[in-house]
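Colleague:
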C-alpha cells in the first residue's frame with residue numbers, strides 16, 4: 021500500500037487523485053455550510069461545530085499528504101473515525117442535504133486507498149450510516165421510500181468501486197511505464213554494444229590485422245633484405261602505436277560518453293576539448309537538434325571528431341567554425357576552417373563520391389567519414405570555403421518518433437507477472 025505515498029523524485033498519480041477527492045470534499049462541506057438554515061438553535065450550532073471539524077480533517081491531508089498518507093495506509097481505523105464524523109454531519113444535516121456528497125467522497129477515498137477490500141467494507145459502513153439517518157429523520161421530514169432512501173445509498177458502493185478501479189488502472193499504467201523504461205534501457209545497451217563492436221571492427225581490428233600480416237612477413241624481409249627489414253620494423257612500431265591510440269580513444273569514449281545528453285551539448289564539449297588540445301580557436305553555434313538514436317548520435321560525433329583531427333593534421337588553420345542546426349526535417353553539422361584546403365584529388369573524389377579514388381589516394385580519414393554518413397542514411401559534402409579553407413557538412417534526416425507499442429495491460433497487473441512477461445522471448 022505504500023505506493024500511494026508521493027515519491028520525492030516523481031509525482032505519484034494516486035496521491036494526486038487522493039488530493040483531488042479531498043478538494044471535492046472541501047467543496048461539499050462548503051455547500052453543506054451554505055445549505056444550513058439560519059437561526060441560532062442548538063442543532064445549528066452543533067452542525068456548525070461538526071462542519072468546522074470536518075473541514076480541518078479534510079484540509080490536513082491536503083497540506084501534509086506525505087506525513088498523513090502513511091498513517092492512513094497503515095491505520096484504516098483513521099478513516100473509520102472520519103466516517104463517524106460523516107455520520108454526525110448526516111445526522112444533523114439530514115440525508116436530504118449536500119452532506120451526502122461528503123459521504124460519497126469518503127467512499128471514493130476508501131476505494132482509492134484500500135482497493136477492493138476497503139471499498140466493500142467502507143461502502144457497507146457508509147450505506148448503513150445513511151440508512152440510519154433516513155430512519156432518524158423520517159418522523160420529522162416525512163421521507164418515504166424513494167431516491168433519497170434507496171437511490172443515494174446505491175451511489176456509495178459505486179463510488180467506492182470506482183475509486184478502487186481507478187487505483188488499479190493507475191497502478192497498471194505505472195507498471196507499463198516501468199516495463200517500457202526497462203525495455204528502452206535494454207535497447208540503449210544493445211545499441212551501445214553494437215556501436216562498440218562496429219567501432220572495433222572499423223578501426224582497431226583492421227589495424228591489428230594489418231599489424232599481424234606485417235609481423236608475419238618481417239621474417240622474410242630479414243632474410244632477403246635486412247635493410248628493408250629495419251624499415252618494416254619501424255612501420256610495425258608505428259602501427260602498434262596507432263592501435264594503442266585507437267584503443268585508448270575507444271576506451272575514452274566509453275568512459276566519458278556524452279550520448280545520453282543533448283547533442284548540442286556534446287558538440288560544444290567536443291569542440292572545446294579539441295580547441296584546448298590543438299590550440300586552434302573554435303567558434304561553436306549549436307542549437308537544439310532533432311532526436312537521433314544512440315548509434316546515429318555516436319556516428320555524428322565521430323564524424324565531428326575526425327573532421328577536427330583532419331583540420332589539425334593537414335589544414336594548418338588558425339580558426340574553425342562549428343555549426344549544428346536543423347531545418348526541413350534534417351540535422352546539419354557544418355565545420356569550416358580557414359586553412360589551406362583539401363588536395364585537389366581528395367576534393368574531386370569526394371564531390372563525385374568516388375570511394376575507390378579516395379582509398380587509392382590514401383585519404384582513409386575522409387573515406388571513413390563518408391562511410392559513417394552513409395551508414396546512418398546521411399550525406400557528407402566537402403568543398404572549398406568562401407575566402408579559403410575547407411567546408412565539411414554532414415546532413416542527416418531526422419528520424420520521426422516511433423509510436424510506442426500498444427501496451428498489453430492485462431498481461432502485467434502485478435510486478436511479478438510483469439517480470440515473467442519480460443523474461444518470455446518475443447515472437448517474430
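Numbering (my numbering), first residue to last: 21 to 448. We treat Cβ as the ideally placed atom computed from N, Cα and C, and that holds for glycine.
Less than 8 Å between the CB atoms is what I'm expecting for residue 38 and residue 132, so what's the real figure, rounded?
Modeller: Indeed, because the Cβ distance is near 6 Å, the residues count as touching under 8 Å.
Colleague: Per DSSP, residue 344 forms a beta bridge with which residues?
Modeller: BP columns for residue 344 point to 306 and 353.
Colleague: Would you decide whether residue 213 is buried or exposed? Buried here means 16 or more other CB atoms lie within 10 Å of its CB.
Modeller: Exposed.
Colleague: Does residue 404 come out as helix, strand or coil in the three-state DSSP assignment?
Modeller: If DSSP states are grouped into helix, strand and coil, residue 404 belongs with the strands.
Colleague: Where does residue 150 land, buried or exposed, given buried means 16+ other C-beta within 10 angstroms?
Modeller: Looking at its Cβ environment, which holds 16 or more other Cβ atoms inside 10 Å, residue 150 is buried.
Colleague: For residue 250, count neighbouring C-beta atoms within 10 Å of its own C-beta (all shown protein chains included) and say buried if the count is 16 or more, exposed if not.
Modeller: So residue 250 ends up on the exposed side.
Colleague: Are residue 109 and residue 75 touching if we call contact CB-CB under 7 Å?
Modeller: No, the Cβ-Cβ distance between residue 109 and residue 75 is not below 7 Å.
Colleague: Can you check which of these residues, 353, 346 and 338, is closest to residue 360 by C-alpha distance?
Modeller: Closest by alpha carbon: 338.
Colleague: Using the DSSP secondary-structure output, state which residues sit across from residue 411 in a beta bridge.
Modeller: Residue 411 is bridged to 356 and 403.
Colleague: Less than 8 Å between the CB atoms is what I'm expecting for residue 393 and residue 323, so what's the real figure, rounded?
Modeller: That pair is a contact at about 6 Å.
Colleague: Can you name the start and end residues of the alpha helix (DSSP H) that residue 48 belongs to?
Modeller: Taken as a continuous stretch (DSSP letters only), the alpha helix (DSSP H) holding residue 48 covers 33-55.
Colleague: Quick check: what's the CA-CA separation for residue 28 versus residue 356?
Modeller: Low per-residue confidence applies at residue 28: pLDDT is 35, beneath 50, and the placement is therefore not dependable, though the value from the model is reported in the following sentence. Their backbone Cα atoms lie some 47 Å apart in a straight line.
Colleague: Under the three-state reduction of DSSP, which class applies to residue 311: helix, strand or coil?
Modeller: Coil at residue 311, not helix or strand.
Colleague: Nearest-angstrom Cα distance between residue 152 and residue 199?
Modeller: Near 48 Å, if we compare the C-alpha coordinates of residue 199 and residue 152.
Colleague: When you compare only the Cα positions, how much space is there between residue 181 and residue 94?
Modeller: C-alpha separation (whole angstroms): 21 Å.
Colleague: Quick check: the stretch 280-291 against the stretch 306-321, are there 3 or more CB pairs under 8 Å?
Modeller: Enough Cβ pairs lie closer than 8 Å, so yes.
Colleague: May I have the straight-line CA-CA distance separating residue 99 from residue 55, to the nearest angstrom?
Modeller: So the alpha carbons of these two residues sit roughly 25 Å apart.
Colleague: How would you call residue 207, buried or exposed, if buried means at least 16 neighbouring beta carbons within 10 angstroms?
Modeller: It is exposed - the Cβ of residue 207 has fewer than 16 other Cβ atoms within 10 Å.
Colleague: Does the Cβ of residue 171 have 16 or more other Cβ atoms within 10 Å, making it buried, or fewer, making it exposed?
Modeller: Result: exposed.
Colleague: Excluding five sequence neighbours on each side, which residues of the same chain lie with their C-beta closer than 6 Å to the C-beta of residue 36?
Modeller: Counting only Cβ-Cβ distances below 6 Å, and skipping sequence neighbours, we find nothing.
Colleague: Using only alpha-carbon positions, find the residue among 115, 258, 92 and 116 that is nearest to residue 138.
Modeller: Closest by alpha carbon: 92.
Colleague: My understanding is that residue 302 touches residue 343, with C-beta atoms under 8 Å, so please give their C-beta distance in whole angstroms.
Modeller: Wrong, their Cβ atoms sit about 11 Å apart, outside the cutoff.
Colleague: Ordered along the chain, which non-local residues of its own chain (more than five positions away) have a Cβ less than 6 Å from that of residue 316?
Modeller: Counting only Cβ-Cβ distances below 6 Å, and skipping sequence neighbours, we find 396.
Colleague: Start and end of the alpha helix (DSSP H) containing residue 290?
Modeller: Here the alpha helix (DSSP H) through residue 290 covers 283-298.
Colleague: Under a three-way DSSP split, which group does residue 337 fall into?
Modeller: Here residue 337 sits in coil by DSSP.
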